[in-house]
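Visitor: Provided herewith is a single structure, encoded as structure tokens, for subsequent inquiry.
Protein chains in written order, with our numbering: chain A, 93 to 341; chain B, 49 to 400.
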């Protein structure tokens, strides 16, 4: 502990009470850390991070509703994350999404102290850009199965097969799902790369379509087509998009 | 490819055998017709070797009519018919060869064609039938070798299933999570920490005492599952509730030890653990006629992403298949908010 270090404000996220107890005791013993909140699931964690702006999130991976990786995807830009889990197989993924550290349960107090030191070092200037965090917050190799979207303190979890189409809007993407529109800060290219290429196709610079919603493609003018969805919605189809669509069908 | 043509050594042996047949034919000609030795062999040997390629056809006959799938009458009629036709053609060739030799000045009686023809047909037919018999014997050997190989393979598969079953008996993450819970409880709640240590020790002592082939009474199996869930209850607190029922007539039936373990692990991990407020795991055992029926049912998050890989279910299926073949079944009934697995296996009383 060097002089002048301010007290670190920590949030513990774990769905098991004994695990939270273990973490709290160790943090108190290490000192210079204040536990500002304990959360029993991912939804609470996202809410608390928005309200409290903690300095570190000590995050379990396997939890109800939102798992640790989904929580990181939603709040990773705002707060450094240390994963705490009994599973060593998530370690690689954790570093891919730029978690600060990865602790295996049960962990030694010294190991936790070292993780907190890394958080301080990260805050001192060795940061990662939020864009990198968001783009990589998914398991390598397997397509996205559901999308998590933060809407103020609220979190929406949308299974990808309930998405009708996605539209690019400046720095955001707009998910259309059953008449609802949900905005998320992400680029359409990033999202397209995460979605299953057999179910979603980029039909236009600004649109990614769930292929199951497509009713037909109509010729609209020379070299210009529109996709008509099952609910009657019409979306523009670019020439390259039409080729991709034909390949898929 | 014909098996005899496929191997050089086999081909040589085969030709040698027919050479011997030719020599035997020469001997017969010498004895029955009374020709000198040399002339009898000059006639017999080439004729025997000519029969070699002809009787290769016996293999196709045997392959087209395997004994296991063909009636004896059909086999006999076909074999005798083929033998007579082949032998007649051979006898015609033999008579021509005899006449040619007579004209070329060999010491063979010119008027012996008619008894010779009869001799050749009879001899040829017998030789052909012998070839068919040998083919069937070889086929039977090959079949029994293949059956032995299949039996060995299924034994190996069963052993593999058993081995992976042993490996899957206790998920190591269960131990890590339990130890973590204990380390968290030691200072603030020593009685609960001790309770967890005791339950963990009880479960490990009991579960580790069984080999993979052990059979235990249903009541004991359900009690083991209860011990496991007892440990998890300390971890999950009020979120995990358990309801286990064993019907009296099923309590004494025996099942493979720890057959339920992968199912209750899944029920926690992919079920109750995915719910903020948790839920109740229901385990039931009953007897239905000559079947033992075990059911594990749990609630789960309809929007959950943690669906599991089916590994645990696969272990259960393979263990049951190794022990009971198709007399046991695993029925999986998933619904959005619930997951139910039913195992049925032959009802067996404990052997004394």
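Beta carbons: idealized from backbone N, C-alpha and C, even for Gly.
How far does the beta strand (DSSP E) with residue 126/A in it extend, from its first residue to its last?
Guide: First-last of the beta strand (DSSP E) with residue 126/A: 125-131.
Visitor: Check whether the Cβ of residue 156/A lies closer than 8 Å to any Cβ atom in chain B.
Guide: Output row for residue 156/A: interface = yes.
Visitor: Would residue 113/A count as contacting chain B if we go by Cβ distances under 8 Å?
Guide: Residue 113/A counts as touching chain B.
Visitor: Would you list the residues sitting across from residue 177/A in a DSSP beta bridge?
Guide: Paired residues: 196/A.
Visitor: According to the neighbour-count rule (16 or more other Cβ atoms, all chains shown, within 10 Å of its Cβ), is residue 374/B buried or exposed?
Guide: Exposed: under 16 other Cβ atoms inside 10 Å.
Visitor: Leaving out the 5 sequence neighbours to the left and right, which residues in its chain are closer than 6 Å to residue 137/A when beta-carbon positions are compared?
Guide: Result list for residue 137/A: 105, 131, 163, in chain order.
Visitor: Against residue 284/B, what residues of chain A qualify as contacts under a CB-to-CB distance less than 9 Å, listed in chain order?
Guide: Residues of chain A passing the Cβ test: 107, 108, 109.
Visitor: Taking C-beta pairs closer than 9 Å, name the residues in chain A that residue 250/B reaches, listed in chain order.
Guide: Simply none; closest approach about 18 Å.
Visitor: Does chain A have any CB closer than 8 Å to the CB of residue 298/B?
Guide: False, the Cβ-Cβ gap to chain A never drops below 8 Å.
Visitor: Which of helix, strand or coil does DSSP assign to residue 263/B?
Guide: The answer is strand: DSSP assigns residue 263/B an E or B state.
Visitor: Going by DSSP, what residue range makes up the beta strand (DSSP E) through residue 307/B?
Guide: Unbroken run through residue 307/B: none, as it is neither H nor E.
Visitor: According to DSSP, residue 276/A sits in a beta bridge with which residue or residues?
Guide: The partner list for residue 276/A (beta bridge, DSSP) reads 265/A.
Visitor: Using a Cβ cut-off of 7 Å, pull out every chain A residue sitting near residue 358/B, in sequence order please.
Guide: Within chain A, no residue comes near residue 358/B; the closest Cβ sits about 15 Å away, beyond 7 Å.
Visitor: Can you list, in chain order, the residues of the region 224-250 of chain B whose Cβ is nearer than 7 Å to any Cβ on chain A?
Guide: The region 224-250 of chain B vs chain A, Cβ under 7 Å: 224, 225, 227, 228, 229, 231, 232, 233, 235, 236.
Visitor: Cβ atoms of residue 146/A and residue 171/A: under 8 Å apart, would you say?
Guide: Yes. Within cutoff.
Visitor: Kindly say whether residue 385/B, judged by its beta-carbon, lies nearer than 8 Å to any beta-carbon of chain A.
Guide: No - not a single Cβ of chain A is within 8 Å of the one on residue 385/B.
Visitor: Any beta carbon of chain A sitting closer than 8 Å to that of residue 351/B?
Guide: Cβ-Cβ to chain A under 8 Å: yes for residue 351/B.
Visitor: Which stretch, first to last residue, makes up the alpha helix (DSSP H) that contains residue 209/A?
Guide: First-last of the alpha helix (DSSP H) with residue 209/A: 201-215.
Visitor: Three or more beta-carbon pairs under 8 Å between the region 170-186 of chain A and the region 360-380 of chain B, yes or no?
Guide: Too few Cβ pairs lie closer than 8 Å, so no.
Visitor: Can you find a CB in chain A that lies within less than 8 Å of the CB of residue 323/B?
Guide: Output row for residue 323/B: interface = yes.
Visitor: For the beta strand (DSSP E) containing residue 365/B, list its first residue and its last residue.
Guide: It is not in any beta strand (DSSP E) - residue 365/B instead sits in the alpha helix (DSSP H) that spans 359-372.
Visitor: Quick check: does the Cβ of residue 283/B come within less than 7 Å of any heavy atom belonging to the ligand PLP?
Guide: With respect to small molecules bound, the structure shown includes none, and the ligand PLP cannot be examined in it.
Visitor: Under 8 Å, Cβ to Cβ, is there at least one residue of chain B near residue 229/A?
Guide: Per-residue confidence for residue 229/A stands at a pLDDT of 47, beneath the threshold of 50, marking its modelled position as unreliable; the derived number appears in the next sentence. It does not; no Cβ of chain B falls within 8 Å.
Visitor: Starting from the beta carbon of residue 221/B, find every residue of chain A whose beta carbon is closer than 7 Å, and list them in chain order.
Guide: Within 7 Å Cβ-Cβ: 178, 179.
Visitor: Please work out which residues of its chain come closer than 6 Å, Cβ to Cβ, to residue 343/B, disregarding the five sequence neighbours upstream and downstream, and give them in chain order.
Guide: 332, 390.
Visitor: With distance defined between alpha-carbon atoms, name the residue in 309/B, 299/B, 229/B, 302/B nearest to residue 40/B.
Guide: Any property of residue 40/B remains undetermined from this structure, which presents chain B solely from 49 to 400.
Visitor: Under 7 Å, CB to CB, which of the residues in the region 237-257 of chain A have a partner in chain B?
Guide: So the close ones are 237, 238, 249, 251.
Visitor: Between the region 300-321 of chain A and chain B, which residues of the former have CB atoms less than 7 Å from a CB of the latter, in chain order?
Guide: Within the region 300-321 of chain A, no residue qualifies.
Visitor: So which residues of chain C does residue 117/A contact, with C-beta pairs closer than 8 Å?
Guide: Protein chains A and B are contained in the structure displayed, whereas chain C is not.
Visitor: I need the boundaries of the alpha helix (DSSP H) containing residue 118/A, first residue and last residue.
Guide: 109-122 is the extent of the alpha helix (DSSP H) around residue 118/A.
Visitor: Identify every run of the alpha helix (DSSP H) within the region 93-123 of chain B, keeping only runs that are complete inside it and at least 4 residues long; order them along the chain.
Guide: Taking only runs of at least 4 residues, the alpha helix (DSSP H) segments lying wholly in the region 93-123 of chain B are 105-112.
Visitor: What residue does the beta strand (DSSP E) around residue 255/B start on, and which one ends it?
Guide: Unbroken run through residue 255/B is the alpha helix (DSSP H), 238-256; no beta strand (DSSP E).
Visitor: So, is the C-beta of residue 197/A closer than 8 Å to a C-beta in chain B?
Guide: Interface residue, yes.
Visitor: What three-state label does DSSP hand residue 326/A in the structure shown?
Guide: Note: residue 326/A maps to strand in three-state DSSP.
Visitor: Could you give the first and the last residue of the continuous beta strand (DSSP E) run that contains residue 221/B?
Guide: Segment 220-233 is the alpha helix (DSSP H) holding residue 221/B; no beta strand (DSSP E) there.
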